[in-house]
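Here's the structure, in structure tokens; my notes come after.
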Amino acid sequence: MRAAVFYGKRDLRVEEFDLPPLKQGEILVKVKACGICGTDVHIFNGEKGSAKVTPPIILGHEFCGEVVETKSSLFKVGDKVSIDPNIYCGVCRFCRSGKVQLCESLTALGVNLNGGFAEYAIVPEKQAILFEDIEFEEAALAEPLACCLHGIKKLEIKPIDKVLIIGLGPIGLIMLEILKLYGAYNVYGYEIDEFRKEIAKWQGIKGIIEENTDEKFDIVIECAGTKESIEMAFEKLQKGGQLLVFSVPSPKTNVLINPFEMFKKEARVYWSFVNPFTQKLAIELLRAKKISLKHIITHKISLEELSQALNNRYERQLKVIVQP
Ligand SMILES: [Zn+2]
Ligand SMILES: [Zn+2]
1 MRAAVFYGKR DLRVEEFDLP PLKQGEILVK VKACGICGTD VHIFNGEKGS AKVTPPIILG
61 HEFCGEVVET KSSLFKVGDK VSIDPNIYCG VCRFCRSGKV QLCESLTALG VNLNGGFAEY
121 AIVPEKQAIL FEDIEFEEAA LAEPLACCLH GIKKLEIKPI DKVLIIGLGP IGLIMLEILK
181 LYGAYNVYGY EIDEFRKEIA KWQGIKGIIE ENTDEKFDIV IECAGTKESI EMAFEKLQKG
241 GQLLVFSVPS PKTNVLINPF EMFKKEARVY WSFVNPFTQK LAIELLRAKK ISLKHIITHK
301 ISLEELSQAL NNRYERQLKV IVQP
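Residue numbering for the sequence shown follows the UniProt record's numbering, starting at 1 and increasing by one per position.
Here it is in structure tokens:
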């Protein structure tokens with residue numbers, strides 16, 4: 001089959017790749033759509049992923065497709081499946097206490113096991129979620145949606161809360177959709193890209209704030225991942241406020257915060273890692289059209305175009321989907 005194989009920093013080659021035969025409990029999935037995530041860009045540029053990356057490896061962890069071969073009693077040929085890429089050991093102290101995402105031996109399809117930037121992927125049956133009535137390209141967004149659902153669940157959201165989303169890229173816009181489900185209607189954004197501002201307004205954001213405003217917010221969701229955006233997130237927090245730092249900053253990023261200010265505010269601050277137990281919910285929300293994400297897909301590309309897409313941002317870009 002054809003696959004985009006990652007060989008190391010900025011070295012991605014589309015080539016023939018032979019997958020091993022299926023083992024018991026595995027399915028072979030014809031990949032129909034695989035989203036490009038910030039994590040793929042980080043790994044491509046030689047930075048860390050959620051798990052240790054050992055090239056050569058096929059990246060791509062936001063994918064879905066059709067079962068074409070099965071050694072699982074749970075799936076039959078032709079089933080449409082959404083893939084939860086994160087595999088937990090089930091026996092370490094974190095897994096045994098229900099915090100599977102903190103698993104000491106976390107592995108992930110598309111990070112340290114072959115993933116979705118290929119024509120086919122081998123998937124352990126417990127990582128596949130059956131779905132119907134969702135287009136493949138939108139179903140590929142179930143994974144980032146699941147990550148957002150896990151993060152947002154940590155917050156206590158009341159409809160009246162004044163919310164600020166910093167960074168209105170694909171993740172910020174997904175957060176905006178989820179906030180609507182929580183009944184939050186006082187949702188503001190901070191973003192510099194005009195196109196992204198436009199989409200957020202179309203999606204119903206109440207307003208876009210200027211950087212130097214004195215306005216404070218009950219809830220701040222940070223989705224930009226820079227030193228400046230994270231410092232701004234702390235800065236914009238209201239007394240009694242809650243902050244979710246959701247972005248994946250560079251491992252080298254350090255920020256300056258004033259603990260005394262946070263003390264006076266009695267701030268609650270959360271971080272969020274991957275998507276434990278939320279991908280099925282993500283699929284259900286997409287299927288029920290409670291969440292609609294098709295509009296954040298701005299580019300659909302082939303495997304051959306992937307390397308270029310990881311190198312540069314397109315004009316007016318939100319989510320890029322690879323259709324192998
Ligand atoms: Zn991702
Ligand atoms: Zn574990």
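Even for Gly, the Cβ is constructed at its ideal location relative to N, Cα and C.
Assuming residue i and residue j make a contact with CB atoms under 8 Å, what is their CB distance in whole Å?
| i | j | result |
| --- | --- | --- |
| residue 208 | residue 191 | 6 Å |
| residue 75 | residue 16 | With 8 Å as the limit, residue 75 and residue 16 do not qualify as a contact, their Cβ atoms being about 26 Å apart. |
| residue 87 | residue 19 | Not a contact, Cβ separation roughly 17 Å. |
| residue 244 | residue 151 | 6 Å |
| residue 240 | residue 266 | 6 Å |
| residue 103 | residue 275 | 13 Å between Cβ atoms; not a contact. |
| residue 322 | residue 117 | 6 Å |
| residue 169 | residue 318 | 7 Å |
| residue 173 | residue 200 | 6 Å |
| residue 286 | residue 139 | 7 Å |
| residue 131 | residue 82 | 5 Å |
| residue 145 | residue 293 | 7 Å |
Nearest to residue i by CA position, among the options, is which residue?
| i | options | result |
| --- | --- | --- |
| residue 30 | 177, 78, 269 | 78 |
| residue 39 | 216, 32, 310 | 310 |
| residue 120 | 212, 161, 64 | 64 |
| residue 324 | 52, 59, 272, 108 | 59 |
| residue 90 | 83, 82, 99, 84 | 99 |
| residue 48 | 8, 68, 84, 70 | 8 |
| residue 178 | 217, 42, 142, 229 | 142 |
| residue 231 | 253, 218, 130 | 253 |
| residue 128 | 308, 200, 66, 4 | 66 |
| residue 84 | 94, 52, 107 | 107 |
| residue 109 | 61, 159, 12 | 61 |
| residue 250 | 73, 306, 46, 1 | 46 |
| residue 52 | 114, 34, 81 | 114 |
| residue 256 | 282, 136, 235, 304 | 235 |
| residue 198 | 183, 211, 22, 167 | 167 |
| residue 101 | 302, 316, 278 | 278 |
| residue 57 | 6, 25, 42 | 6 |
| residue 164 | 202, 136, 229, 134 | 229 |
| residue 156 | 270, 247, 214 | 270 |
| residue 320 | 1, 33, 3 | 33 |
What three-state label does DSSP hand residue i in the structure shown?
| i | result |
| --- | --- |
| residue 61 | coil |
| residue 194 | helix |
| residue 100 | helix |
| residue 186 | strand |
| residue 298 | strand |
| residue 165 | strand |
| residue 207 | strand |
| residue 316 | coil |
| residue 93 | helix |
| residue 113 | strand |
| residue 224 | coil |
| residue 139 | helix |
| residue 80 | strand |
| residue 293 | coil |
| residue 157 | coil |
| residue 216 | coil |
| residue 51 | coil |
| residue 201 | helix |
| residue 106 | coil |
| residue 119 | coil |
| residue 74 | coil |
| residue 303 | helix |
Could you check where the beta strand (DSSP E) with residue i kicks off and where it finishes?
| i | result |
| --- | --- |
| residue 231 | No beta strand (DSSP E) contains residue 231, which is instead part of the alpha helix (DSSP H) from 227–235. |
| residue 15 | 11–16 |
| residue 26 | 26–35 |
| residue 128 | 128–130 |
| residue 6 | 2–8 |
| residue 269 | 268–271 |
Establish whether the CB of residue i and some CB of chain D are separated by less than 9 Å.
| i | result |
| --- | --- |
| residue 268 | Of the protein chains in the structure, only one exists, and it is not chain D. |
What are the boundary residues of the alpha helix (DSSP H) that residue i is part of?
| i | result |
| --- | --- |
| residue 40 | 38–44 |
| residue 285 | 279–287 |
| residue 307 | 306–311 |
| residue 151 | 142–152 |
| residue 172 | 170–181 |
| residue 261 | 259–265 |
Is any heavy atom in ligand 3 found nearer than 8 Å to the beta carbon of residue i?
| i | result |
| --- | --- |
| residue 100 | As for ligand 3, it is missing from this structure, which binds only ligand 1 and ligand 2. |
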